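Participant: Residue 114 in UniProt numbering sits at position 114 of the sequence shown; the count goes up by one each step and never skips.
Think of the CB as a built atom: it goes at the ideal place given N, C-alpha and C, for glycine as much as any other residue.
Quick caveat: nothing in here was measured; it's all calculated off a predicted structure.
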Amino acid sequence: MLLTGTPLGVRLSISAVEYGIGGVNLFRPENVPNGQVGFSVTRDGESLVGSNPGDWRPEWVVIGHETACGDPIFVSEEIPHPVFSAMHGQGSWEAKLIAPSLDVLRGCLTVFRRFAGWQKGLRGTRRKSANTGRTVAVPSRHQDANQ
């Protein structure tokens with residue numbers, strides 16, 4: 001996904017990763033400008049940014065949200081483009097670093113997506129292990145090979 005709505009021009013190939021009740025949704029490029037509403041601007045286009053502690057910073061750009069509570073995921077336009085999240089509805093913004101750069105975020109989401117996909121492949125199929133005699137879960141994509 002190309003963040004064309006920002007000066008970052010960074011390509012992220014992942015738009016969503018889900019795991020149980022949690023996960024991450026990243027905006028499509030065309031939705032990045034609308035994603036700023038309620039964070040850096042109001043619906044009427046008035047600025048919400050400030051320079052006081054707890055204010056939304058002018059260099060922050062919302063690129064998505066986490067799925068459990070809807071907290072924003074945002075990136076700094078300052079190099080090396082660290083990525084943050086913060087609890088919304090708290091009256092002030094306390095940014096928590098989740099990745100030191102967009103490249104690191106992309107790598108983490110790639111690994112996380114692979115893991116989440118593997119977990120979805122566990123459909124409750126259980127089989128006795130020939131080696132230990134214990135009952136184990138078998139990922140669906142491996143069932144044919146292990147029969």
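Count the C-beta pairs between the stretch 40-58 and the stretch 88-108 that are closer than 8 Å, then say yes if the count reaches three, no if not.
Facilitator: Flag = yes, the stretch 40-58 and the stretch 88-108 touch.
Participant: Under 8 Å between the Cβ atoms of Thr67 and Gly35?
Facilitator: Against a cut-off of 8 Å, the Cβ pair of Gly35 and Thr67 comes out as no contact.
Participant: Who pairs with Ala99 in a beta bridge, going by DSSP?
Facilitator: DSSP lists Val83 as partners of Ala99.
Participant: Thinking C-alpha only, which one of Val83, Arg114 and Ile63 is nearest Glu30?
Facilitator: Closest by alpha carbon: Ile63.
Participant: Go ahead and label Ile79 buried or exposed: buried means 16 or more other beta carbons lie within 10 angstroms of its beta carbon, across all protein chains shown.
Facilitator: Exposed: under 16 other Cβ atoms inside 10 Å.
Participant: By Cβ distance below 6 Å, which residues in the same chain neighbour Phe112 in space, the five residues on each side in sequence not counted?
Facilitator: Once the five neighbours on either side are set aside, the close Cβ partners of Phe112 are Val17.
Participant: By a C-beta neighbour count over all protein chains shown, 10 Å radius and 16 as the cutoff for buried, is Ser15 buried or exposed?
Facilitator: Exposed.
Participant: Around the Cβ of Arg123, are there at least 16 other Cβ atoms within 10 angstroms (buried) or fewer (exposed)?
Facilitator: Its pLDDT being 49, under 50, Arg123 is placed unreliably by the model, and the measurement read from it follows with that caveat. Answer is exposed; the Cβ neighbour count stays below 16.
Participant: Beta-carbon within less than 6 Å of Leu105's beta-carbon, same chain only, minus the 5 sequence neighbours each way: which residues are those?
Facilitator: Hits under 6 Å: Val83 and Ala99.
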